[in-house]
Amino acid sequence: MKYRVMHKTSYFGHQAVSIGHNQAWLEPREVPSQQVESFVLKISPEPSIRSRQNDYFGNPVTLFSFNEGYQSLSVTATSFVTITPPLAARSGDVLEASPPWEEVVAMAKAHTDPESLHAYEFVFASPRVRWSAEMLEYVRPTFVPGRPILEAVDELTRRIHTDFVYDPRATTVTTPVADVFRMKRGVCQDFAHMQIALLRALGIPARYVSGYLRTYPPEGKPRLVGADASHAWLSVFCGPRGWADVDPTNNKFTTIDHICLAWGRDYSDVPPLTGVFIGGGQHRLTVEVDVLPIG
Numbered sequence: 238m239k240y241r242v243m244h245k246t247s248y249f250g251h252q253a254v255s256i257g258h259n260q261a262w263l264e265p266r267e268v269p270s271q272q273v274e275s276f277v278l279k280i281s282p283e284p285s286i287r288s289r290q291n292d293y294f295g296n297p298v299t300l301f302s303f304n305e306g307y308q309s310l311s312v313t314a315t316s317f318v319t320i321t322p323p324l325a326a327r328s329g330d331v332l333e334a335s336p337p338w339e340e341v342v343a344m345a346k347a348h349t350d351p352e353s354l355h356a357y358e359f360v361f362a363s364p365r366v367r368w369s370a371e372m373l374e375y376v377r378p379t380f381v382p383g384r385p386i387l388e389a390v391d392e393l394t395r396r397i398h399t400d401f402v403y404d405p406r407a408t409t410v411t412t413p414v415a416d417v418f419r420m421k422r423g424v425c426q427d428f429a430h431m432q433i434a435l436l437r438a439l440g441i442p443a444r445y446v447s448g449y450l451r452t453y454p455p456e457g458k459p460r461l462v463g464a465d466a467s468h469a470w471l472s473v474f475c476g477p478r479g480w481a482d483v484d485p486t487n488n489k490f491t492t493i494d495h496i497c498l499a500w501g502r503d504y505s506d507v508p509p510l511t512g513v514f515i516g517g518g519q520h521r522l523t524v525e526v527d528v529l530p531i532g
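Residue numbers are given in the working numbering: position 166 of the sequence shown equals residue 403, and the series is strictly consecutive.
Here you go:
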């Protein structure tokens with residue numbers, strides 16, 4: 238499946254911004270199931286300084302700064318990507334063939350090879366992902382001794398989807414996982430953080446993935462351009478099986494409808510666009526996302 242993805246962020250301040258420094262995680266990364274055909278990032282006004290590099294986790298990131306004032310700012314990322322079906326599938330033979338979850342924990346803890354060493358970095362608490370004894374009690378009935386890891390992850394995904402309510406008014410971008418667990422409400426970012434916390438509580442490496450999800454209009458309704466949104470899910474280390482991506486918001490393993498931007502320990506490592514600036518006064522920020530299938 239081929240997609241054109243447009244992500245536009247517009248800023249307007251009542252006063253001029255005198256200096257601004259920004260980072261953008263808006264370029265999709267290459268992964269086995271995703272090929273990036275092209276990427277263009279248009280920034281208006283033109284920054285004083287602009288560069289591109291890979292961050293610690295291997296994600297492409299654009300850095301740009303302004304040494305002269307501006308009152309409005311437009312950042313538009315346009316990507317063309319090709320997605321092939323991921324290896325993970327919700328079928329009994331695939332789930333049961335994965336290794337027992339305790340073996341994955343032991344492999345990560347031993348980290349005797351590059352892949353398990355990399356995975357071990359995603360076992361620890363991070364700025365947005367911390368767990369409690371209550372969370373550990375919640376997850377243990379699913380991860381019984383000897384159970385294949387993908388089978389257990391699949392059940393945990395179903396439980397989160399059942400027990401938690403999607404409510405965009407319940408949380409903000411900074412809401413702690415503990416509050417999400419208590420309220421049982423949130424959005425995709427919250428549910429990804431929650432499942433990551435539950436897995437890490439058991440010693441299973443799990444990382445946060447930012448990206449996009451193709452959405453379908455209601456039957457009989459036209460597709461609305463620019464009405465899509467960023468999405469978040471997680472990736473779970475499964476030992477020799479590699480990494481498996483799962484979407485608790487939609488109760489599924491990722492499909493050709495998921496487009497990966499970047500991954501890190503949690504949202505704080507890979508926000509689509511972040512920065513610091515001086516001035517601006519009261520300001521308005523709008524975001525438009527359009528995920529268009531083209532073949």
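Glycine residues also receive a C-beta, built at the ideal position from the N, C-alpha and C atoms.
Item checked: Cβ separation of C425 and R266, assumed to be a contact under 8 angstroms, to the nearest whole Å -> As a working note, residue 425 is residue 188 in the sequence shown. As a working note, residue 266 is residue 29 in the sequence shown. Between C425 and R266, the beta carbon gap of about 19 angstroms keeps them out of contact (Cβ cut-off 8 angstroms).
Item checked: Three-way DSSP call (helix, strand, coil) for E339 in this model -> Here residue 339 corresponds to residue number 102 of the sequence shown, with the count starting at 1. Under the three-state reduction of DSSP, E339 is assigned to helix.
Next item on the list: May I ask which residues mark the beginning and end of the beta strand (DSSP E) holding D484?
Entry: On the sequence shown, residue 484 is found 247 positions in, with the first residue counted as 1. For D484, the uninterrupted beta strand (DSSP E) segment begins and ends at W480 to D484.
Next item on the list: Select from S335, Q432 and E274 the residue whose C-alpha is nearest the C-alpha of V398.
Entry: Within the sequence shown, residue 398 is the residue found at index 161, counting from 1. Looking at the sequence provided, one finds His at residue 398 rather than Val. When each option's Cα is compared against that of H398, the closest is Q432.
Margin query: Closest to P270 by C-alpha separation, out of I441, T321, E388 and D506, would be which residue?
Written below: Position 33 of the sequence shown, counted from the start, is the residue given in the question as residue 270. Reading off the sequence, residue 270 comes out as Ser, not Pro. The alpha carbon of S270 has as its nearest neighbour, out of I441, T321, E388 and D506, the alpha carbon of T321.
Check: Any chance the segment 401-410 sits against the segment 302-320, with 3 or more Cβ pairs inside 8 angstroms?
Finding: At 8 angstroms Cβ cutoff, the stretches do not touch.
Next item on the list: Give me the Cα-Cα distance between K346 and R437, rounded to the nearest whole angstrom.
Entry: What you label residue 346 is simply residue 109 of the sequence shown in a count that begins at 1. What you label residue 437 is simply residue 200 of the sequence shown in a count that begins at 1. K346 and R437: Cα-Cα distance of roughly 12 angstroms.
Next item on the list: Could you check if Y375 is buried or exposed, using at least 16 other CB atoms within 10 Å of its CB as the buried criterion?
Entry: For this step, residue 375 is matched to residue 138 along the sequence shown. Buried, since its Cβ has 16 or more Cβ neighbours within 10 Å.
Note to self: I'd like to know if the segment 352-368 and the segment 491-510 are in contact, where contact means that at least 3 CB-CB pairs between them fall below 8 angstroms.
What the structure shows: The segment 352-368 vs the segment 491-510: in contact.
Next item on the list: Could you say which of F401, W368 and F301 lies nearest to T486 if we only look at CA atoms?
Entry: Taking the first residue of the sequence shown as position 1, residue 486 is located at position 249. T486 has its Cα closest to that of F401, out of F401, W368 and F301.
Next item on the list: Name, in chain order, the residues that DSSP records as bridge partners for M243.
Entry: In the sequence shown, residue 243 corresponds to position 6, counting from 1. DSSP output for M243 lists T315 and D527 as bridge partner(s).
Check: With distances taken between CB atoms, is the gap from T319 to K239 smaller than 8 angstroms?
Finding: Looking up residue 319 in the sequence shown gives position 82. Looking up residue 239 in the sequence shown gives position 2. Judged by beta-carbon spacing, K239 lies within the 8 angstroms limit of T319, meaning their Cβ atoms are closer than that value.
Notebook entry, point to check: Can you list, in chain order, the stretches of the beta strand (DSSP E) that have 3 or more residues and sit fully within the segment 252-316?
Noted result: List check, beta strand (DSSP E) in window: 271-281, 286-291 and 297-303.
Check: How big is the Cα-Cα spacing for M420 and T412?
Finding: Position 183 of the sequence shown, counted from the first residue, corresponds to residue 420. Position 175 of the sequence shown, counted from the first residue, corresponds to residue 412. Going from the Cα of M420 to the Cα of T412 covers about 11 angstroms.
Next item on the list: Check whether the Cβ atoms of Q272 and V298 sit closer than 8 angstroms, and answer yes or no.
Entry: One-based indexing of the sequence shown puts residue 272 at position 35. One-based indexing of the sequence shown puts residue 298 at position 61. Contact flag unset, no.
Notebook entry, point to check: Excluding the five sequence neighbours on either side, which residues of its own chain have a C-beta within less than 7 angstroms of the C-beta of F380, listed in chain order?
Noted result: Locating residue 380 in the sequence shown gives position 143, where the first residue counts as 1. W338, A389 and L439.
Next item on the list: Output yes or no for whether 8 angstroms exceeds the beta carbon distance between W470 and A434.
Entry: Taking the first residue of the sequence shown as position 1, residue 470 is located at position 233. Taking the first residue of the sequence shown as position 1, residue 434 is located at position 197. In this structure, W470 lies away from A434, with their beta-carbon atoms at least 8 angstroms apart.
Next item on the list: Please determine if the segment 239-252 and the segment 286-300 are in contact, where contact requires at least 3 C-beta pairs separated by less than 8 angstroms.
Entry: Touching, no, given that fewer than three Cβ pairs across the two stretches are closer than 8 angstroms.
Check: Got a sec, what are the start and stop residues for the alpha helix (DSSP H) V417 sits in?
Finding: As a first step, residue 417 must be located in the sequence shown, where it is residue number 180. V414 to M420 is the span of the alpha helix (DSSP H), which, as asked, contains V417.
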